[in-house]
Amino acid sequence: MAHAYDPAAREGVAGKWGWFVALGVLLIMFGGIAFGNLLMATVASVYYVGIVMLIGGLLNLLHAFQVKGWESVLYWVLSGAFYTAAGLFAFVNPLLASSVLTFLLAVALIVAGCFRIWVGFKLRPLHGWGWMVIGGIVTLLAGLVIAPGWPVDSLWILGLFLAVDLVMQGLAAIAFGVLVRG
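All residue numbers for the sequence shown refer to the numbering used here, where the first residue is 533 and numbers rise by one.
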């Protein structure tokens with residue numbers, strides 16, 4: 533298998549630089565559309581999570597019938613049923629589902645930020661430890677900004693994250709395409 537450092541592989545990727553730029557432009561356009569209607573982008577995000585959970589739940593249910601032993605079957609059936617129900621819930625009431633997901637996002641950011649700050653201070657004797665602390669502070673602040681606006685901000689937070697992600701991925705693809713061209 534060829535590696536990225538292999539000159540032939542690099543030339544293959546460099547020859548496709550235009551595809552990266554085109555993909556980047558499309559992603560930025562979709563990000564702009566998402567920025568234009570954050571509510572619809574939030575609903576699209578919830579539907580995406582719902583589809584993933586629905587598929588995961590159905591796969592767990594299918595797997596339940598392949599497992600030997602009652603305890604295992606019961607576990608997989610319950611796991612699959614809960615995932616399937618959560619996936620369906622996202623489609624039945626996407627706005628309430630966005631509220632739940634936004635709450636979980638705020639909690640996850642706060643907890644992750646605290647852990648990153650703690651890890652950063654544990655790395656204190658090493659160069660660059662401050663960057664870990666700064667990253668943790670930014671993550672913690674993101675959670676603390678989201679939490680007080682919950683549940684009202686649930687209508688646009690997930691859409692905002694989707695829009696920002698699309699734009700950032702688009703910029704990264706364009707930068708990669710231009711730079712790999714040489």
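Glycine included, C-beta positions come from ideal geometry on N, C-alpha and C. Because the structure is a prediction, the values reported are computed rather than measured.
Start and end residues, alpha helix (DSSP H) containing residue i
i      : result
Phe562 : Trp549 to Gly568
Gln701 : Ile689 to Arg713
Gly476 : Residue 476 lies beyond the stretch modelled for the chain, which goes from 533 to 714, so this question has no answer here.
Val599 : Segment: none, Val599 is in no alpha helix (DSSP H) and carries neither H nor E.
Gly681 : No alpha helix (DSSP H) contains Gly681, which DSSP labels as neither H nor E.
Buried versus exposed call for residue i [16 or more other C-beta atoms within 10 Å across all chains shown]
i      : result
Met700 : exposed
Leu662 : Note that residue 662 is Gly in the sequence shown, not Leu. So Gly662 ends up on the exposed side.
Phe623 : exposed
Phe647 : exposed
Leu606 : exposed
Met664 : buried
Leu698 : buried
Ala705 : buried
Phe552 : buried
Phe715 : One cannot answer for residue 715 here, as it falls past the ends of the chain, which runs 533 to 714.
Val575 : buried
Ala540 : exposed
Asp538 : exposed
Leu633 : buried
Ala566 : buried
Beta carbon of residue i nearer than 8 Å to that of residue j
i      : j      : result
Leu690 : Ser604 : no
Pro626 : Val578 : yes
Phe635 : Trp682 : yes
Gly675 : Gly652 : no
Ile642 : Gly668 : no
Gly589 : Gly619 : yes
Gly568 : Gly709 : no
Supposed contact pair residue j and residue i - C-beta distance, whole angstroms, cut 8 Å
i      : j      : result
Ala695 : Ala573 : 6 Å
Val609 : Leu593 : 7 Å
Leu703 : Ile560 : 7 Å
Ala554 : Val712 : Not really, about 14 Å apart at Cβ, beyond 8 Å.
Thr616 : Leu637 : Thr616 to Leu637, Cβ: 22 Å. No contact.
Residue i Cβ short of 7 Å to the ligand SAH heavy atom set
i      : result
Leu620 : Here there are no bound small molecules, and the ligand SAH is not part of this structure.
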